[in-house]
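Residue numbers (the numbering used here): 6 to 90.
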């Protein structure tokens, strides 16, 4: 996908995650995941830096990286909009 003009790593990762339903391929350290992780678990000292957050998120989620990422994003959409999609 990244061979297509103007498609970068974030778009490619998000698209492949959507198509395959494997959210371990999603750019899981992006702002959306960081924001909702902080809201879901405010007692955790989440790092603000994307790289450090990604390292910790991946270590905490382990083999459930896809599930943690997908559920956090879904919860964030529900929380932000107040409606189920």
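Just so you know, even glycine gets a beta-carbon here, dropped at the ideal spot from N, CA and C.
Boundaries of the alpha helix (DSSP H) around residue 63: 55-66. Annotated as proximal: residue 41 and residue 77, with beta-carbon spacing under 8 Å.
Of the other Cβ atoms in all chains shown, fewer than 16 fall within 10 Å of the Cβ of residue 45; this residue is therefore exposed. In this structure, residue 35 keeps its C-beta atom at 8 Å or more from the C-beta atom of residue 71.
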